[in-house]
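Peer 1: In this note's numbering, the protein residues as written are 54 to 315.
We put the CB at the ideal spot given by N, CA and C, even for glycine.
In this text, all values refer to a predicted model and were calculated from it rather than measured experimentally.
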Amino acid sequence: MQVEILLNLLSNACKYTPPGGRVSFDICSAPAQEGIELFTTTIRDNGIGMTKEFLAHIFEAFTRARSSTESRRPGFGLGMGIAKKLTELMGGTIAVESEPGKGTTFTVRIPHRIAKGPEEAFPAEDSALPDTALQGRRILLAEDNDLNAEIAEELLKEAGLLVERARDGIECLSMLEKREPLWYDLILMDIQMPNMDGYKATTIIRHLEDPRLSKIPIIAMTANAFAEDKAKAAALGMNAHVAKPFDIRVLKRVMADVLEKQ
């Protein structure tokens, strides 16, 4: 994820810096606390810059500056809102300084745990992530939050998964029943959604007459990772539970385990 964030920022810097301009990329590290190193990456350009008014909203979803120069160019790749959310998922921060006509500076700080040896730096389990088992699998993602959904789709597609999104439990049921049976391999079900939550949608799915639909694997996604939440999800027939914000490595492993048991 860190590489994707930095590449996105570099791409934007190049995109909004005119021919003959300058883009620099600097990275340094310093001990933050015992066993933790803080990596600071600074990306500077002397491009068109941004106004204070725009900077106040740059990390909001789908934000894009409006000027005669910028309007002729494509949008912000991943989007600054997604870049910020991904950075925060890794325990980091992202900051920006800019002035119209003078350029922009992005500073990304992300902590990393220091490995004690090669075995810890390159553990066998990390080199055997279940990407192969997930390649080409169709996932129905039920998530009402646009930013969360866009991040999840980005990460899942990177793992080779095919993703379709529903915005609430009602749309999830509609999409499931419109497709032919067994079209979706698995449902990632957010619990707290408007109109119909994940619990209600799961209950209805588990009572469908066609076993090819009623037995589809469902993984609960919720910010509540308490024992009672996991117990309720299991009691309603959900196959597994992952806490939000999720670690993509954990989610991939959970999905692979659930699919392997089918």
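According to DSSP, is Ala293 part of a helix, a strand, or is it coil?
Peer 2: Reduced to three states, the DSSP call for Ala293 is strand.
Peer 1: Since Asp98 sits in a beta bridge, which residues does DSSP pair it with?
Peer 2: Per DSSP, Val76, Thr157.
Peer 1: CB Arg218 to CB Ala202, shorter than 7 Å?
Peer 2: The answer is yes: Cβ separation under 7 Å.
Peer 1: Count the other C-beta atoms from every protein chain shown that fall within 10 angstroms of the C-beta of Glu196, then say buried if there are 16 or more, exposed otherwise.
Peer 2: So Glu196 counts as buried.
Peer 1: Please report the Cβ distance between Glu206 and Leu215, rounded to the nearest whole angstrom; I am assuming they are in contact, meaning their Cβ atoms lie under 8 Å.
Peer 2: With 8 Å as the limit, Glu206 and Leu215 do not qualify as a contact, their Cβ atoms being about 10 Å apart.
Peer 1: Distance check for Ser77 and Met133, CA to CA, integer angstroms please.
Peer 2: Roughly 19 Å between the two C-alpha positions.
Peer 1: Using a Cβ distance threshold of 8 Å, determine whether the stretch 239–254 contacts the stretch 265–282, with at least three qualifying pairs required.
Peer 2: Touching, yes, given that three or more Cβ pairs across the two stretches are closer than 8 Å.
Peer 1: Touch check for the stretch 255–266 and the stretch 162–171: three-plus C-beta pairs under 8 Å?
Peer 2: Flag = no, the stretch 255–266 and the stretch 162–171 do not touch.
Peer 1: Which residue or residues does DSSP assign as beta-bridge partners of Ser82?
Peer 2: For Ser82, which the question treats as bridged, DSSP gives the partners Phe92.
Peer 1: Since Leu312 contacts Ala186 with CB under 8 Å, what's their CB separation in whole angstroms?
Peer 2: Sure, about 7 Å apart at Cβ, within 8 Å.
Peer 1: If you follow the beta strand (DSSP E) that Met274 is part of, which residue opens it and which one closes it?
Peer 2: From DSSP, the beta strand (DSSP E) with Met274 extends over 271–275.
Peer 1: Taking the continuous alpha helix (DSSP H) assigned at Met242, which residues delimit it?
Peer 2: Counting along the chain, Met242 falls outside any alpha helix (DSSP H), though it belongs to the beta strand (DSSP E) covering 239–243.
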